[in-house]
Every structure is written in structure tokens, then in C-alpha cells.
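Data first, discussion second: the structure below is written as C-alpha cells.
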Amino acid sequence: MPELPEVETVRKNLTNELLDDKIENIEIYFSKMLQNTTPKAFVDLVSNRVIEHIGRIGKYLIIYLGSLQEDTKKVLIIHLRMTGRLLVINDNTKVDKHLRCRFFLKSGRYLDFCDQRKFATMALVNKGEEFKWKGIALLGPEPISDDFELTTFYKGLKKSKKSIKAILLDQKLVCGLGNIYSDEALFRAGIHPQKAGEEISQQEAKQLFSSIKKVISEGIKERGTTFSDYRDSYGNKGGFQELLQVYGRARELCFICKNPLEKIRVANRGTTICPKCQK
DNA sequence: GCGACCACCTGATGGC
DNA sequence: TGCCATCAGGTGGTCG
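In the UniProt record's numbering, the protein residues as written are 1 to 279.
Below, the structure is given as C-alpha cells:
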């Protein structure tokens, strides 16, 4: 499922391919993915706009669309959720069976938005309003940015009775982590995912802070993790799955202590831990 | 206000 | 072989 490293990989791919290309038309096959507009209005407002810039906030992909009229620039906010994919298509010989929306580009290519489970979303706002969009407005700092500070992180943990895993998935204290990277970060920090935030020591917070930065940086470097569904914009798999130490390895042996890993449920999510290494 | 839980959704998998 | 139940998970909404 796309977390920060996967979305960042897609952003880089799309930037390489689509910058300055023009969206000439759009066909929408699943209108429920549009959060704040009708299909007709969406097509009217997005068609004939140039892709000026592609950014990212947490797991949200932000596509800036230019216009001849400076005051009507639009921003497309996309969340891939679990199975969303944005694919640059050069020919129409093989259409994905989960195609939900197709952008027809001036270059003759298509940008296909595919989503097996129909959870992915798109919203269209005026430029400048993207940071106020629900879901984005309350996001915490990016783990690889200077805004992510140990002191603030530790204070945030101490305020919460929630499990540390629930806190990491919540996106408010730090954004971009999902099930895979939170399990990996907690294992590397030696922290049990069910431990309450308020019970995390300063030393544990420091270890977790470092491991979050490390797994996210490694994930970006490896172009994300492909566990089942994720593909980048060229249809390629990521590489971080080769570096996973716990996620998806239940019943296999821990690389550190050689005891079997266990799968438990924390924050309503399947969670893989080493019961010996994580306290 | 906070935390826990559920719905959304489809494909894969396991059990019978 | 075929059917059915369960599981996977990010986010927003609801409930206590």
C-alpha cells in the first residue's frame, strides 16, 4: 500500500514524465472517487490545463494545474489509499481492469488512475487552498524534514494514552507512515507497538525518532515497498521489501535474536513483532 | 476531547 | 471443484 516513500516515488516518476504536458480531456469511470465535485464539473475545470508542478504532502499527491487566467489555477489532490496507481500509458493495447479515470494528454499518452479496491480519492481545489483541505490541514511534519523535531515528537507522545502504533498511524504527530513503515520503525527501535505513548521514555522516543527517519529514507531510496499491490508510474515494483525485518514475516525467525516473529492486532491493524526484541 | 471501532471495497486465501 | 467466510488496510465518521 502506498505510504510516503511510495507516493514520493510516484511523484518523481510523474514529474519526469508529465511536467508541461497538457490535459486535453478526461473520462471518469468511477465517480465516487471524486470528493468535492461532480464528474462534469471536474472534466470542465481540469481539461485544457497544463501540469505545472507535482508535489506531495504526506501521502497526498498534489498536482498543480496552470491556466491562461492566473487567478483560476487549480490543484488536484490525490490520495492513493491502499491500491491506487497512477500509470503513464504510451499505448492503449492493454487496459487495466481497475481503470477508474483516464486523463488524455496532448503528448498522445494517457495518465491512468487505477484502483482495485475503490478507496482512492481525488479532490479539486483552487491554488492556495490545498493546505486547508481536510486530511491535509491536520497533518504532522514530514519525517525527513527539519520540521520533525525530537522534542516536539517526545512531548506529543507523552500527551497520548493511545498505543504508539496508533499514534504513528494517526498522521498528526508525524505524517507519511502506514502499517509497513510503522512496524519496521518500531522493531528497529525495540518498542512494543501496544505500549502507550505516555509510557515511552525519552531514550525510546529518541530511538524511534531515528528509526522513523531511517526507514522512510531507505524506503525512498529503494523506490518504496511492493508487498502485494504497489507499483510506480512505470508499473515497476519497489525494492524496500528486500529490507523488511518484520512486516510480512510472521512465524519466520527474527534477524536479531533468531526467535519466531508473531502477528498480533494493534490499532485494528495486523502487526508483526518480535516478542523478545520489542518491549 | 479522546480513544475504540466500523464502513468502505475487491481479490486472495483457507476451510469444508 | 466450488462455495463461503475471513483477511488485508487508510481514512473519516460514529459512538461511548
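Ideal Cβ placement from N, Cα and C applies to all residues, glycine included. Treat the numbers as computed from the prediction; the structure is a model and nothing was measured.
- By a beta-carbon distance limit of 8 Å, ILE54 does not contact LEU65. Their separation comes to about 10 Å.
- The continuous beta strand (DSSP E) containing LYS74 extends over residues 74 to 79.
- Counting the other CB atoms within 10 Å of its CB gives GLU242 a total below 16, which places it among the exposed residues.
- Judged by DSSP in its simplified three-state form, ASN13 adopts helix.
- Counting of Cβ neighbours within 10 angstroms places LEU111 among the buried residues, the total reaching 16 or more.
- Where LEU157 is concerned, the enclosing alpha helix (DSSP H) starts and stops at 150 to 158.
- Annotation: LEU169 to GLY156 spans about 14 Å, alpha carbon to alpha carbon.
- According to the DSSP assignment, GLU52 belongs to the beta strand (DSSP E) that extends over 49 to 57.
- Around the beta carbon of LYS165, 16 or more other beta carbons lie within 10 angstroms, which makes this residue buried.
- ILE216 and GLY108 have their C-alpha atoms some 35 Å from each other.
- As the crow flies, the alpha-carbon of LYS276 is around 36 Å from that of ILE57.
- By the neighbour-count criterion, in which 16 or more other beta carbons inside 10 Å mark a residue as buried, TYR60 falls on the buried side.
- Selection GLY135, ALA185, PRO2 and THR37 evaluated against THR272 yields ALA185 as nearest (Cα-Cα).
- The Cβ atoms of ILE212 and PHE148 lie closer than 9 Å to each other.
- With contacts defined by Cβ atoms closer than 9 Å, ILE26 and PHE42 form a contacting pair.
- ARG223: not part of any beta strand (DSSP E); DSSP gives it neither H nor E.
- Proximity to ARG251 across ARG85, GLU262 and SER31 peaks at GLU262, based on C-alpha coordinates.
- Residues LEU150, PHE153, TYR154 and LEU157 of the same chain have their beta carbon placed closer than 8 Å to that of ALA205, with the five preceding and five following residues left out of the count.
- Taking 8 Å as the upper bound for CB-CB distance, SER47 and ILE28 are not in contact here, some 12 Å apart.
- In the pairwise beta carbon analysis, the segment 116 to 133 is classified as touching the segment 83 to 97: at least three pairs are separated by under 8 Å.
- Nearest C-alpha to LEU14 among LEU105, LYS32 and LYS162: LEU105.
- Each residue's CA atom was taken as its position, placing THR37 and LEU45 some 10 Å apart.
- Under the criterion of beta carbons closer than 8 Å, GLY140 and LYS97 do not qualify as touching, at roughly 36 Å.
- In this structure, the straight-line span from the alpha carbon of HIS79 to that of ASN90 is close to 23 Å.
- Proximity to LEU253 across ARG269, ILE136, CYS274 and LYS134 peaks at CYS274, based on C-alpha coordinates.
- LEU124 and ARG102 have their C-alpha atoms spaced approximately 16 Å apart.
- The continuous beta strand (DSSP E) containing ARG269 extends over residues 269 to 273.
- Note on geometry: alpha-carbon atoms of LEU18 and ARG49 lie some 12 Å from one another.
- Taking all protein chains in view, the Cβ of ILE256 is surrounded by fewer than 16 other Cβ atoms within 10 Å, so the residue is classified as exposed.
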